[in-house]
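Residue numbers (the UniProt record's numbering): 1 to 144.
Given below as structure tokens:
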């Protein structure tokens with residue numbers, strides 16, 4: 001005995017089943033949204049330092065952070081990073097590297113402005129550091 005095939009009754013047939021049976025369908029929102037509620041656009045924050053923003057956005061948002069304005073080598077790296085889309089891995093890797101470089105720049109600034117750091121910037125001390133660095137590089141090259 002053969003049962004007639006009925007495609008319209010196949011379980012799971014159709015891309016969009018009834019919304020009451022779909023777990024991902026939006027359900028009632030609590031509390032409900034207020035009809036006609038409009039928030040005024042905030043007054044744009046004044047720009048006092050260079051602000052880097054995504055190439056995917058036509059302009060600055062009304063409010064933005066200025067905790068670390070781009071400066072030095074880390075600033076150059078950040079500017080290069082913002083030439084790429086946020087969906088590009090290069091964007092994020094360059095920003096992470098710029099953060100690390102910014103830490104080193106901060107440490108150098110701290111040493112430069114400390115009382116004993118002024119002595120470290122004396123030409124004789126800098127020359128000695130350069131000679132020691134060169135000797136270290138030569139020894140490392142000979143070991144290989």
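Just so it is clear, CB atoms sit at the ideal spot from N, CA and C, and this is done for glycine as well.
| Own chain residues within Cβ distance below 8 angstroms of residue 68, not counting five before or after | On the chain shown, position 68 is the one that residue 68 refers to. Here residue 68 has 102 as same chain residues with Cβ atoms under 8 angstroms from its own Cβ, once five neighbours each way along the sequence are excluded.
| message | At the level of alpha carbons, what is the spacing between residue 74 and residue 98? | response | Position 74 of the chain shown, counting from 1, holds the residue named residue 74. Position 98 of the chain shown, counting from 1, holds the residue named residue 98. Rounded to the nearest angstrom, the gap between the Cα atoms of residue 74 and residue 98 is 5 angstroms.
| message | Quick check on DSSP: helix, strand or coil for residue 85? | response | As a working note, residue 85 is residue 85 in the chain shown. Residue 85 falls in the coil class under three-state DSSP.
| Coarse secondary structure for residue 59, derived from DSSP in three states | For this step, residue 59 is matched to residue 59 along the chain shown. In the structure shown, the three-state DSSP call for residue 59 is coil.
| Which class does residue 144 belong to by DSSP, given the choice of helix, strand or coil? | Translated into the one-based positions of the chain shown, residue 144 becomes position 144. Coil, per DSSP.
| Under 7 angstroms from any heavy atom of the ligand NAP, does the C-beta of residue 48 make it? | Within the structure as shown, the ligand NAP is missing, as the structure has no ligands at all.
| said: My assumption, with CB atoms under 8 angstroms, is that residue 55 sits in contact with residue 85. Please give the rounded CB distance. | reply: The count along the chain shown starts at 1 and reaches residue 55 at position 55. The count along the chain shown starts at 1 and reaches residue 85 at position 85. The Cβ separation is near 6 angstroms, so the contact holds.
| field | Through-space distance from residue 143 to residue 70, alpha-carbon basis | value | Sequence index remark: in the chain shown, residue 70 carries index 70 (1-based). Sequence index remark: in the chain shown, residue 143 carries index 143 (1-based). So the two alpha carbons sit approximately 40 angstroms from each other.
| request: Return the CA-CA distance between residue 44 and residue 106, expressed in angstroms with no decimal places. | output: Against the chain shown, residue 44 aligns to sequence position 44. Against the chain shown, residue 106 aligns to sequence position 106. Looking at the two C-alpha atoms, the distance is approximately 31 angstroms.
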